[in-house]
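Enquirer: Numbering (this note's numbering), first residue to last: 72 to 213.
Just so you know, even glycine gets a beta-carbon here, dropped at the ideal spot from N, CA and C.
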Ligand code: DQA
């Protein structure tokens with residue numbers, strides 16, 4: 072059974088209430104429940120933190136045993152060299168995801184500090200971005 076962690080960064084605990092025009096009206100908890108039902112053969116876990124260090128600690132914790140991490144680093148995507156280094160430091164593949172299409176938004180969202188360290192990037196498909204990333208990890212042979 073594959074072990075996949077979904078790791079959400081700052082402000083993503085407010086999904087459903089935060090700028091619903093951009094991020095939708097569903098809470099992540101409700102979406103996660105549905106995702107678990109769609110992948111009964113995958114051990115899916117979820118962790119969210121608003122703190123950069125806590126995200127790094129979590130990557131260290133699972134990064135040598137899990138089969139994959141789906142990471143929405145929120146705004147740390149655009150600023151955090153420490154997250155880039157943490158992703159490079161572990162052996163578990165990490166997929167970067169974004170709910171919105173960051174390239175259609177403000178210029179400061181166009182650059183990602185973490186993409187180069189990640190296995191791949193999925194953005195712009197709403198909450199379905201997470202499922203697409205899980206699907207990619209499930210299909211990956213490594
Ligand atoms: C986001 C995009 C980021 O630019 C933003 O800071 C977020 C959410 C997304 O999922 O679309 O917090 O990662």
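If you check the beta carbons only, do residue 191 and residue 207 fall under 9 Å apart?
Expert: Going by C-beta atoms, residue 191 is nearer than 9 Å to residue 207.
Enquirer: Considering Cα atoms alone, identify which of 202, 171 and 177 is closest to residue 94.
Expert: Checked all of 202, 171 and 177; the closest Cα to residue 94 is 171.
Enquirer: Looking at residue 128 and residue 72, is the spacing between their C-beta atoms short of 9 Å?
Expert: Not in contact: residue 72 and residue 128 (Cβ atoms no closer than 9 Å).
Enquirer: Using the three-state DSSP reduction, which class does residue 191 fall into: helix, strand or coil?
Expert: The answer is strand: DSSP assigns residue 191 an E or B state.
Enquirer: I need the DSSP call for residue 179, collapsed to helix, strand or coil.
Expert: Of the three classes helix, strand and coil, the one that applies to residue 179 here is helix, per DSSP.
Enquirer: Beta-carbon separation of residue 126 and residue 115 under 9 Å?
Expert: Their beta carbons are not under 9 Å apart, which means residue 126 does not touch residue 115 by this criterion.
Enquirer: Whole angstroms are fine: how far does the CA of residue 124 sit from the CA of residue 181?
Expert: Whole-angstrom Cα-Cα distance: 23 Å.
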